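J.: Got a structure here, written out as structure tokens. Questions coming.
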Amino acid sequence: MFKKLMLATAMVLPGNVFADPNPADWDAVLSEAQGQTVYWNAWGGSTTTNDFIAWIGEQAATQGVTLEHVKLTDTADAVTRVLSEKQAGQDADGAIDMIWINGANFAAMKDAGLLFGPFAEQLPNWAYVDKEGKTVQTDFTVPVEGYESPWAMAQVVFMHDTADLPERLGSMQELLDWSVAHPGRFTYPQPPDFLGTTFLKQALVDIIADTSVLQAPATDENYDAVTAPLWDYLDQLTPTLWRQGKVYPATGPAQLQLIADNEVDLAISFSPGEATAAIANEQLPDTVRTFVLEKGTIGNASFVAIPYNSGSKAGAMVVANILLSPQAQVRAQDPNILGYGTVLDMAKLSASDRAAFDALELGIATLSPAELGSVQAEPHPSWMTRIAADWASRYGVAQ
Amino acid sequence: MSLIPNFRLFPTITIGLLIVPVLAGLVWTALPAFGHLPAAGFNGPNLQIFTDLLGWSGFWPSVKLTITTGVLATLLSTLIAMLILSAGAQSGGFQALRRFLSPLLSVPHAAAAFGLAFLIGPSGWIVRLFSPWATGWDRPPDVAIIQDPLGLAMVLGLVIKETPFLFLMGLAALGQTDADRSMAVARALGYGETSGWFKVVFPQVYRQIRLPILAVLAYSLSVVDVALILGPNTPPTLSVLILRWAGDPALDGRLMAAAAAMVQFLIVVLAIGFWRLVEVVGGLLLSRSFAAGRRQPRGRWVSDIGLSVGAILTALVLFGLLILGVWSVAGFWGFPNILPDQTSLKTWARLGPAIVETFADTAVLAAITVGLALVLVVGCLQAEVGQNRRPGAGAMVFLYLPLLVPQTAFLLGLQTMMIQLGFHSGLLPVIIAHLVFVVPYVFVSLSDPFRAWDPRLGVIGAALGHGPVAVLLRLRLPMLLRPILTAAAVGFAVSVGQYLPTLLIGGGRIATLTTEAVALSGGGDRKAIAVWALMQTLAALLPFLAAIVVPAWVWRHRKGV
């Protein structure tokens, strides 16, 4: 028994298996990553995203890393998994090597010390990232500090089927007026789905006069007063929703099917290119277009983070770096593939890479950067946590 | 001598394998439910979590929904299955249904539920068929036909799967009753076919399928995938809430999930107790009415209703699968078109590589699990031969224990426990979790044919100088090839259909056709769902096909095996 233990120790120590890779020494990261398998836990509800991740896997394979996409229904599942592993004392080789994450989940994991880092700003392709123009160093107001690496920009747009709803709606109030006039033709994903909570945030940001209060954490003192207009708004909107608000679609993509079936005419999206990609994919009728609100819409970045107990941190960093490569970014931005906004700064790219971005057609339902207009900041995560819980007890129990 | 396996150990090992994960899982779920999770800084025991849970506005509606859907589904499935059985083996409709219902049993719950949703939903195929020419609808009606607040669509989704199960269990039980002669006596005494059947045969059948019915009850009260696909979501049933809370990044979510899982366990225990009470009271009332001797000579129509309902349920599943097939090759398909605007193989081509890989993983997982289950079950049955006695009622309850305890109640704790024991997520823990559900079904389907084997053949083998192991391996098992393959096919279908054990115990790293299909359910991409659900069905059906084809080929030069 002792012999076995000593043998095990001897085998472990020289190789220093449990030491974390040093992100600054990229050659060492690359060689350590050889042969590693990276389990990327990413929301798997959208087939176009799944296909893109599969393509990233092919790129990773050329660098000696095997990428496995663990398809989540809710990113919070991955957070829970890492948390229960920490509780159980499994501090090495956990089930998850990388998570597609942002907002409240990132805040919770960073707060609980569940993340590896800082690593993001040491990745070679970080040099191309647009640090000034895009919100890649704060995530829902929480400082990133290198604990997650950005890979896509998202901004709220509304998809409308012009065959039934030709006009663009300029504000949340106009949306309400339209829904009252045309009951049963609008719905939103059920919170706590991220797109559902995004709809609530978008409504709040659009209907309150002063949004600066949302940049600081919610307090017991200000929460009720600040959110009161939102509940008034939802009390009016809910009876006019699809199924009178008794049923909600589970996720964002579920709304695509509802538009295709002509059940609803309007849906929220967090990806300006989603509608074009879905038309190309034969999931939406080609009469769908998108619009943003006059005061602008909420925008944020999607990131990848590495759990503290991943056994393939080097491999995960290689994948995070691939995600930031101009080739991957131009593919993600292609509206026929994914239509996600790039996080890169065009001015920092080589002429040929820039030309690849310029060559992209916007697609019939995608707004140009100018049309997308100003981006509204994400509120601090504490607002969303409270609003989602309140939403569940107000509207999530309609019976 | 030491080379001969000691078969007496098999029942102990098997029962241990079934009850240890269940009981340990329950304990590990109970601790956080009572506020005890020291690793996260919660030191109980206390009742705070239950106070929070009971105070939540969605709790009682969810409990009510869970109980009404679960009990209604069980009542309807049992009633329909018994009505079909009462029609009698002689009727043509019965034989036709029997041929269809058996393969239906292997259609995974999730695939059947998807098919049903695509068929009966407001934008489903039935509405399309009659729109707009008959209904006047050029948009789908804004009515919650599926995900209805009462959960009726979910009940239907359960009934289409549980009725074939209870029917086939009843059919097997029928073989062990003296049905034909009992009916002859009843007829001679002037009782009608249906009323006679319910008075003399039903009590004999019911006694034998009591445990399967209770298993259906426990399953229906805790099902996850069907509830996710067809059930309401404001609020959903308790098991969906548990899953949702278990995934909450905030720590108290896990505690809420554990407490709700305990409530669900209690609901199932009470429901089983209540069902037993109804059995006793109903038995007393029925025997009084039977003894009264009232004849209802006509009444054939009652069985005919059973046959018709059975035919409708069969049609729902088959047409559901057909619609899945159409969706899988659809291009854009707008409402109210009956057929897709364009067809293409794009979805198959796009998902093909991923599906091939997942199909292989699913098959390997199921094959290993079923192989182990067969060894255990044959070992247990062979132990009976040595001891010349059958397992008592107590042992049968152990066998059914994993099917009687709601999955959510023990899998949640089992997950935490396995991580703490150092079982990293991977294939082995998932195989163990699958075994817990596969072994009971393999045992139930293999035990009767195994016991029915003519022992005189064994005596001849022994007289020719062969030991019990050689008799088992060279005579009994080869001759039982067909039932063994059938049992394996049942086990395979059970393994393929497992959602929660694969998801929770596999830590997301083990992807099967079922976990992938259900993960897509939220996304609503019907084309992708259709492809996954069809492959899931195929994975479960192929072994049944093999169970028919392989023995026919192997025994092509033999008669009567």
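Line by line, the protein sequences are chains A and B.
For reference, each letter of the first sequence is one residue, going 10 to 408 in this note's numbering.
For reference, each letter of the second sequence is one residue, going -16 to 544 in this note's numbering.
Where is the CB? At the ideal position from N, CA and C, for every residue including glycine.
For clarity, every value in this text was computed on a predicted model and none was experimentally measured.
1) Tell me, please, whether the stretch 475 to 483 of chain B touches the stretch 516 to 523 of chain B by the rule of three or more beta-carbon pairs shorter than 8 Å.
2) For residue 152 of chain A, which three-state DSSP category applies?
3) Can you tell which of B/111, B/250, B/47 and B/510 has the C-alpha that lies nearest to the C-alpha of residue 321 of chain B?
4) Quick check on residue 298 of chain A: does DSSP put it in helix, strand or coil?
5) For residue 356 of chain A, which option in A/292, A/140 and A/264 has the closest C-alpha, if you only look at C-alpha atoms?
6) Is the CB of residue 99 of chain A under 8 Å away from at least one CB in chain B?
7) Where do the N-terminal and C-terminal ends of the beta strand (DSSP E) with residue 160 of chain A fall, by residue?
8) Would you identify the three-state DSSP class for residue 388 of chain A, choosing helix, strand or coil?
9) Does the separation of the CB atoms of residue 130 of chain B and residue 226 of chain B fall below 8 Å?
10) Residue 109 of chain B to residue 101 of chain B, Cα distance in whole Å?
11) Find the residues of chain B that neighbour residue 257 of chain A, judging by a C-beta separation of less than 8 Å, and give them in chain order.
12) Could you compute how far the alpha carbon of residue 311 of chain A sits from the alpha carbon of residue 341 of chain A?
13) If you measure from the beta carbon of residue 98 of chain B to each beta carbon in chain A, is any gap under 8 Å?
14) Within the same chain, show all residues whose beta-carbon is closer than 7 Å to that of residue 292 of chain A, passing over the 5 residues directly before and after it, in chain order.
15) Please state the DSSP three-state secondary structure of residue 19 of chain A.
16) Provide the residue(s) that pair with residue 113 of chain A in DSSP beta bridges, ordered along the chain.
17) Considering only the alpha carbon of each residue, which of A/263, A/318, A/254 and A/146 lies closest to residue 105 of chain A?
18) Residue ranges of each alpha helix (DSSP H) run of no fewer than 4 residues wholly in the stretch 320 to 392 of chain A, ordered along the chain?
19) Interface residues of chain A around residue 415 of chain B at Cβ under 9 Å?
20) Just to confirm my understanding: we take residue 445 of chain B, look at its own chain, exclude 5 residues before and 5 after, and list those with CB closer than 6 Å. What are they?
21) Examine chain A for any beta-carbon lying closer than 8 Å to the beta-carbon of residue 402 of chain B, and answer yes or no.
22) If contact means a Cβ-Cβ distance below 9 Å, which residues of the stretch 482 to 513 of chain B contact chain A?
23) Quick check: residue 469 of chain B and residue 482 of chain B, are their CB atoms within less than 8 Å of each other?
24) Tell me, please, whether the CB atom of residue 317 of chain B is closer than 8 Å to any CB atom in chain A?
25) Locate the alpha helix (DSSP H) running through residue 278 of chain A, then write down its first and last residues.
26) Nearer than 7 Å: is that true of the beta carbon of residue 191 of chain B relative to any heavy atom of the ligand MG?
27) Using the beta-carbon count (16 or more within 10 Å), is residue -4 of chain B buried or exposed?
28) Spell out whether any CB of chain B is found under 8 Å from the CB atom of residue 251 of chain A.
29) Would you please verify whether the beta carbon of residue 101 of chain B is less than 8 Å from any beta carbon of chain A?
30) Counting C-beta neighbours from all protein chains within 10 Å, is the total for residue 90 of chain A 16 or more, i.e. buried, or is it exposed?
31) Would you decide whether residue -8 of chain B is buried or exposed? Buried here means 16 or more other CB atoms lie within 10 Å of its CB.
32) To which residues of the same chain is residue 303 of chain B closer than 6 Å at the C-beta, ignoring the five residues directly before and after it?
33) In chain order, what residues of the stretch 78 to 94 of chain A put their CB closer than 8 Å to some CB of chain B?
34) For residue 531 of chain B, count neighbouring C-beta atoms within 10 Å of its own C-beta (all shown protein chains included) and say buried if the count is 16 or more, exposed if not.
35) Which residues in chain A have a C-beta closer than 9 Å to the C-beta of residue 399 of chain B? List them in chain order.
36) CB residue 197 of chain A to CB residue 307 of chain A, shorter than 8 Å?
T.: Taking the geometry as given:
1) Contact between the stretch 475 to 483 of chain B and the stretch 516 to 523 of chain B is present, because at least three Cβ pairs lie under 8 Å.
2) Judged by DSSP in its simplified three-state form, residue 152 of chain A adopts strand.
3) Put simply, of B/111, B/250, B/47 and B/510 the residue whose alpha carbon is nearest the alpha carbon of residue 321 of chain B is B/111.
4) Note: residue 298 of chain A maps to strand in three-state DSSP.
5) For residue 356 of chain A, the nearest C-alpha among the options comes from A/140.
6) At least one chain B Cβ lies under 8 Å of residue 99 of chain A.
7) Residue 160 of chain A -> beta strand (DSSP E) spans 158 to 164.
8) Per DSSP, reduced to three states, the secondary structure at residue 388 of chain A is coil, with no helix or strand assignment.
9) Against a cut-off of 8 Å, the Cβ pair of residue 226 of chain B and residue 130 of chain B comes out as no contact.
10) Distance from the CA atom of residue 109 of chain B to the CA atom of residue 101 of chain B, rounded to whole angstroms, is 9 Å.
11) Here the neighbours are 216 and 217.
12) Their backbone Cα atoms lie some 12 Å apart in a straight line.
13) Interface annotation, residue 98 of chain B: not in contact with chain A, CB-CB separation never under 8 Å.
14) Answer for residue 292 of chain A: 265 and 269, listed in chain order.
15) Model confidence at residue 19 of chain A stands at a pLDDT of 38, short of 50, so the residue's coordinates are unreliable and nothing is read from them.
16) As far as DSSP is concerned, residue 113 of chain A takes part in no beta bridge.
17) Of A/263, A/318, A/254 and A/146, the residue nearest in Cα terms is A/318.
18) Taking only runs of at least 4 residues, the alpha helix (DSSP H) segments lying wholly in the stretch 320 to 392 of chain A are 322 to 332, 335 to 342, 360 to 367 and 378 to 381.
19) Those within 9 Å of residue 415 of chain B in chain A number zero; the least Cβ separation is about 17 Å.
20) So no residue of the chain qualifies.
21) Taking Cβ atoms only, chain A reaches closer than 8 Å to residue 402 of chain B, which makes this a yes.
22) In summary, the residues of the stretch 482 to 513 of chain B whose CB is separated from some CB of chain A by less than 9 Å are 486, 489, 490, 491, 492, 494, 498, 499, 501, 502, 503, 504, 505, 506, 507, 508, 509, 510 and 511, in the order they occur in the chain.
23) For the pair residue 469 of chain B and residue 482 of chain B, the CB atoms are not nearer than the 8 Å cut-off.
24) It does; some Cβ of chain A falls within 8 Å.
25) Run containing residue 278 of chain A: none in the alpha helix (DSSP H); it sits in the beta strand (DSSP E), 275 to 278.
26) The ligand MG is not among the ligands present in this structure, which contains no ligands whatsoever.
27) When all chains shown are included, residue -4 of chain B counts as exposed.
28) It does; some Cβ of chain B falls within 8 Å.
29) Chain A has no Cβ within less than 8 Å of the Cβ of residue 101 of chain B.
30) By the 10 Å Cβ count, residue 90 of chain A comes out buried.
31) Residue -8 of chain B comes out exposed.
32) Excluding positions up to five away in sequence, the list reads 98, 99 and 102.
33) If you check each beta-carbon in the stretch 78 to 94 of chain A against every beta-carbon of chain B, the ones closer than 8 Å belong to 79, 80, 81, 82, 83, 85, 86, 87, 88, 89, 90, 92, 93 and 94.
34) Using a 10 angstroms sphere on the CB of residue 531 of chain B, the tally of other CB atoms stays under 16, which defines it as exposed.
35) Chain order gives the chain A residues near residue 399 of chain B as 93, 96 and 97, where near means a beta carbon separation below 9 Å.
36) No. Outside cutoff.
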